[in-house]
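Some notes on the structure that comes next.
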């Protein structure tokens, strides 16, 4: 049977040791051991077909090299991300708070229009300070509150991407939702169910930033009052981690941002922006579920619902 080249043999990928005897002379019959190890280019090889050693075809060799380089890059990134996630997870769990979505430096390009010019520097500084307080075993409530607002920013970015839009498009004042445009869009089947456009989103022109909440009724409510509310004020409440005087009228995200059950509203948000929650019983349920998990008293929605469905929406409602 014809033997295969060593670099293509299925067992050649594992470090092994061969024992051989020389038959040239009887006095050379001492047993010797040779240790065979991978060549540098074989790092990351998982199957024989990934090994480009001895491949003479330049196109095929380049293809295999690129595959190994990409695999190596993904492995390094995964290790780095896991280390960062473990650090933040430990910090948050030690603080007695269920960990929200982690900060992502690569996703730090989206901010509301009222953010200070040095916002990205401030984000990096916050990460440094928060991590330092963790290492000193003294994480503060202020850091966790600021982190929750950065989570909202991350959630916006993730959901905007999930519906097929880019952050550059959402940052333009003149932009309109892709659901109002004749251009090709992602099929609904490719969009998470909670983010699929409603009839209102398709029929009424609106800015794309209104499309990211995973609550259809909330999106419709926002579109209905888009010319009345102060959207900069809402943006400030949701994401202004840099403002220590903020009202705590925000939302919290505790997991994948397209899952409605991972969202929560604060009591202050309910008081100030409650009119946007008409018909959002799922958000009300998830809010109390998260509060109970933390050992906090559930919010009473009975009086709130009565207020939401009897009070007319007006500009004054956005200003406490």
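In full-length UniProt numbering, the protein residues as written are 1 to 320.
Glycine residues also receive a C-beta, built at the ideal position from the N, C-alpha and C atoms.
In this text, all values refer to a predicted model and were calculated from it rather than measured experimentally.
Pick helix, strand or coil for residue i, following the three-state DSSP scheme.
i	result
residue 265	strand
residue 165	coil
residue 186	coil
residue 252	strand
residue 347	Residue 347 cannot be examined here, being either before or after the span of the chain that is shown, 1 to 320.
residue 181	coil
residue 171	coil
residue 332	Residue 332 lies beyond the stretch modelled for the chain, which goes from 1 to 320, so this question has no answer here.
residue 219	helix
residue 299	coil
residue 176	coil
residue 231	helix
residue 260	helix
residue 191	coil
residue 226	coil
residue 196	coil
residue 294	coil
residue 206	coil
residue 275	helix
residue 119	Below a pLDDT of 50, predicted positions are generally treated as unreliable, and residue 119, at 47, falls in that range; no measurement from the model is reported.
Exposed or buried, residue i, counting other C-beta atoms within 10 Å across all chains shown (16 or more means buried)?
i	result
residue 173	exposed
residue 208	buried
residue 289	exposed
residue 297	exposed
residue 239	buried
residue 186	exposed
residue 143	Low confidence applies here, because residue 143 scores a pLDDT of 46, under 50, leaving its location unreliable; read the following figure in that light. Buried.
residue 114	Low confidence applies to residue 114: its pLDDT is 46, below 50, so where it sits in the model is not reliable, and the reading given next is rough at best. Under this definition residue 114 is an exposed residue.
Are the CB atoms of residue j and residue i within a distance shorter than 8 angstroms?
i	j	result
residue 251	residue 269	yes
residue 287	residue 253	no
residue 214	residue 169	no
residue 201	residue 211	yes
residue 273	residue 299	no
Report yes if the C-beta of residue i is less than 7 angstroms from at least one heavy atom of the ligand ADP; otherwise report no.
i	result
residue 152	Although the ligand ADP was asked about, the structure shown includes no ligands whatsoever.
Throw me the rounded Cβ distance for the residue i and residue j pair, which I believe falls under 8 angstroms.
i	j	result
residue 162	residue 191	6 angstroms
residue 152	residue 164	In fact, because the Cβ distance is near 21 angstroms, the residues do not count as touching under 8 angstroms.
residue 249	residue 237	4 angstroms
residue 206	residue 176	7 angstroms
At least 3 beta-carbon pairs within less than 8 angstroms: the stretch 249–257 vs the stretch 153–170
In short, these stretches touch, since the Cβ pair count reaches three.
Check whether the stretch 219–235 and the stretch 196–203 are in contact - that is, three or more C-beta pairs closer than 8 angstroms.
yes
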